[in-house]
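Report on the structure given below.
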Amino acid sequence: MKTQKIAVVGYGQRGSIYANYALQKPEEFVVTAIVDNDPDRLDLAKSLHTCPTFSDYKDFLAAGIEADIVAVATQDKDHREHAIACMAAGYDLLLEKPIATSLEDCEAIYEASVKYGRKIIVCHVLRYTPFYSKLKEVVDSGVLGEIVTMNTTECVGYYHQAHSFVRGPWRNSYEACPMILAKCCHDMDMIRYILGKKCLSVSSFGGLTHFTGNNAPEGSADYCSDCGCTDCVYKAQTIYEREEFFRGYFTTDVSNEGNWREKLVHSPYDRCVYKCDNDVVDHQVCIFEFENGVTVSHTMNAFSKEIYRDIKIHGTKAELVGNMEALYLELRPFGSDVVRYDFSDANTSGNHGGGDISMMHSLYLERNGKPAPGITYIDVSIDSHRMSFGAEKSRLTGKVVKI
Ligand SMILES: NC(=O)c1ccc[n+]([C@@H]2O[C@H](COP(=O)([O-])OP(=O)(O)OC[C@H]3O[C@@H](n4cnc5c(N)ncnc54)[C@H](O)[C@@H]3O)[C@@H](O)[C@H]2O)c1
Numbered sequence: 001m002k003t004q005k006i007a008v009v010g011y012g013q014r015g016s017i018y019a020n021y022a023l024q025k026p027e028e029f030v031v032t033a034i035v036d037n038d039p040d041r042l043d044l045a046k047s048l049h050t051c052p053t054f055s056d057y058k059d060f061l062a063a064g065i066e067a068d069i070v071a072v073a074t075q076d077k078d079h080r081e082h083a084i085a086c087m088a089a090g091y092d093l094l095l096e097k098p099i100a101t102s103l104e105d106c107e108a109i110y111e112a113s114v115k116y117g118r119k120i121i122v123c124h125v126l127r128y129t130p131f132y133s134k135l136k137e138v139v140d141s142g143v144l145g146e147i148v149t150m151n152t153t154e155c156v157g158y159y160h161q162a163h164s165f166v167r168g169p170w171r172n173s174y175e176a177c178p179m180i181l182a183k184c185c186h187d188m189d190m191i192r193y194i195l196g197k198k199c200l201s202v203s204s205f206g207g208l209t210h211f212t213g214n215n216a217p218e219g220s221a222d223y224c225s226d227c228g229c230t231d232c233v234y235k236a237q238t239i240y241e242r243e244e245f246f247r248g249y250f251t252t253d254v255s256n257e258g259n260w261r262e263k264l265v266h267s268p269y270d271r272c273v274y275k276c277d278n279d280v281v282d283h284q285v286c287i288f289e290f291e292n293g294v295t296v297s298h299t300m301n302a303f304s305k306e307i308y309r310d311i312k313i314h315g316t317k318a319e320l321v322g323n324m325e326a327l328y329l330e331l332r333p334f335g336s337d338v339v340r341y342d343f344s345d346a347n348t349s350g351n352h353g354g355g356d357i358s359m360m361h362s363l364y365l366e367r368n369g370k371p372a373p374g375i376t377y378i379d380v381s382i383d384s385h386r387m388s389f390g391a392e393k394s395r396l397t398g399k400v401v402k403i
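Residue numbers for the sequence shown follow my numbering, so the first one is 1 and each next one is one higher.
In structure tokens:
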């Protein structure tokens with residue numbers, strides 16, 4: 001098969017995963033350009049890659065670089081501009097989720113893909129994990145009978161919430177987007193993918209109850225590095241001491257020996273979690289009605305010790321339950337023995353339970369015209385985004401929203 005040329009716009013946490021995959025699998029991908037407007041990120045890219053680099057995506061487009069696909073991995077609000085410009089220049093896209101921050105922008109990107117005749121593959125990485133791949137295979141085998149209802153849970157993790165949705169890029173629905181889109185468009189995609197049906201309506205409740213000024217401990221400072229509250233579980237220094245990956249949002253020198261501790265001081269990530277400009281929810285429940293009366297409930301919640309997703313699917317002949325991070329699925333057929341699938345030996349390296357690297361392999365297959373399990377294009381992904389936008393509208397208006 002042919003090695004694919006990939007260019008990356010936005011060499012942040014996500015874009016660097018895609019570019020660096022090419023270093024691990026040079027027979028699958030070669031990076032032909034990297035674009036990032038942060039000089040530190042570009043220096044990091046230059047230290048690992050030999051391709052041309054650009055600080056302005058317009059210079060990249062003007063350079064006429066050869067690429068079979070461009071990964072657009074800039075922040076959510078920039079997707080519309082960057083995606084449409086790249087397609088107008090003739091590139092197919094690997095587009096980070098969410099497609100965009102409003103339904104109008106999602107539709108504009110979709111319409112541009114039709115206008116320019118370009119493909120957009122959306123990075124719904126969960127589809128490619130060993131866990132969800134098996135789950136989809138079991139559902140498609142028909143062993144569950146007719147699916148009647150399902151429950152899904154996404155536990156964000158207290159430290160992930162603090163990093164991304166209180167202090168970080170997705171804390172504010174105006175600057176980024178509603179959390180049910182940013183965090184759960186993956187879950188919406190999986191729900192729709194598993195059921196293979198259209199969502200008809202949604203009702204949703206939730207809000208921001210904990211990470212607000214009135215919960216700030218007495219005497220707490222604006223920044224953790226100036227704060228005397230020693231027993232705060234959200235203290236930035238404690239979280240980043242443990243979470244090396246998240247340090248990448250404020251320094252390129254993430255190792256324990258690196259400069260992350262000084263870079264953290266008085267950065268946005270040092271802020272007291274009770275004194276940020278965050279407005280996104282810390283818990284939200286959604287109830288969906290699908291075709292044929294199938295119902296689904298989805299709960300997203302910040303307050304868990306670890307990050308995990310679990311799922312329960314109830315069919316007329318069996319139920320299927322599992323937990324992605326606990327690496328198991330159980331098929332419980334009515335009247336016969338339980339079948340347990342254990343993923344502890346599967347390749348779940350990297351982020352998202354192995355989904356990132358498996359997605360890149362599927363992309364390589366897709367680009368070579370081979371069957372590519374899980375690959376999803378924008379026309380399907382936009383439906384799952386409609387579920388998130390509908391849920392947020394319902395939460396804000398208190399009404400059932402038709403999708
Ligand atoms: N698929 C997933 O599971 C998943 C997980 C996390 C984030 N995301 C999405 O991936 C995207 C990137 O997120 P991230 O976590 O990598 O964030 P990030 O902030 O680490 O990366 C964004 C990068 O884009 C660069 N950038 C910003 N404006 C630019 C511009 N005008 N031109 C060129 N470069 C520019 C930034 O310097 C940064 O390096 C977001 O849309 C996010 O929602 C997807």
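Positions of the beta carbon are idealized from the N, C-alpha and C atoms, including for glycine.
Would you report the Cα separation of residue i and residue j, rounded to the nearest angstrom?
i, j, result
"residue 35", "residue 7", "8 Å"
"residue 162", "residue 304", "12 Å"
"residue 166", "residue 2", "43 Å"
"residue 135", "residue 343", "11 Å"
"residue 188", "residue 195", "11 Å"
"residue 297", "residue 152", "6 Å"
"residue 370", "residue 358", "15 Å"
"residue 208", "residue 398", "16 Å"
"residue 101", "residue 142", "36 Å"
"residue 239", "residue 88", "42 Å"
"residue 171", "residue 317", "42 Å"
"residue 383", "residue 225", "44 Å"
"residue 22", "residue 50", "12 Å"
"residue 365", "residue 385", "26 Å"
"residue 82", "residue 57", "8 Å"
"residue 388", "residue 67", "32 Å"
"residue 59", "residue 111", "25 Å"
Nearest to residue i by alpha carbon, out of the options?
i, options, result
"residue 392", "18, 321, 183 and 134", "183"
"residue 61", "128, 33, 76 and 74", "33"
"residue 311", "302, 19 and 327", "327"
"residue 338", "160, 117 and 319", "319"
"residue 180", "44, 21, 302 and 378", "302"
"residue 422", "111, 210, 229 and 121", "Any property of residue 422 remains undetermined from this structure, which presents the chain solely from 1 to 403."
"residue 253", "25, 220 and 45", "45"
"residue 13", "42, 263, 109 and 143", "42"
"residue 282", "75, 205 and 290", "205"
"residue 76", "47, 109 and 48", "109"
"residue 48", "17, 131, 59 and 325", "17"
"residue 96", "137, 186, 257 and 197", "186"
"residue 400", "139, 263 and 199", "199"
"residue 197", "115, 213 and 147", "147"
"residue 219", "213, 211 and 229", "229"
Could you tell me whether the Cβ atoms of residue i and residue j are closer together than 9 Å?
i, j, result
"residue 288", "residue 299", "no"
"residue 9", "residue 71", "yes"
"residue 462", "residue 280", "No information on residue 462 is available, as it lies outside the stretch 1 to 403 that the chain covers here."
"residue 99", "residue 381", "yes"
"residue 168", "residue 73", "no"
"residue 286", "residue 394", "yes"
"residue 269", "residue 250", "yes"
"residue 246", "residue 159", "yes"
"residue 128", "residue 354", "yes"
"residue 274", "residue 216", "yes"
"residue 403", "residue 113", "no"
"residue 69", "residue 92", "yes"
At which residues does the alpha helix (DSSP H) containing residue i begin and terminate?
i, result
"residue 59", "57–62"
"residue 112", "103–116"
"residue 297", "Where residue 297 is concerned, there is no enclosing alpha helix (DSSP H), although the beta strand (DSSP E) it sits in stretches over 295–301."
"residue 397", "378–397"
"residue 138", "130–140"
"residue 1", "Per DSSP, residue 1 belongs to no alpha helix (DSSP H) and is neither H nor E."
Taking the beta strand (DSSP E) that residue i falls in, what are its first and last residues?
i, result
"residue 199", "199–207"
"residue 318", "318–323"
"residue 187", "It is not in any beta strand (DSSP E) - residue 187 instead sits in the alpha helix (DSSP H) that spans 185–195."
"residue 330", "328–333"
"residue 289", "283–290"
"residue 311", "308–315"
"residue 366", "No beta strand (DSSP E) contains residue 366, which is instead part of the alpha helix (DSSP H) from 355–367."
Please report whether the beta-carbon of residue i lies at a distance below 9 Å from any beta-carbon of chain B.
i, result
"residue 198", "Absent from the structure: chain B. Only one protein chain is present."
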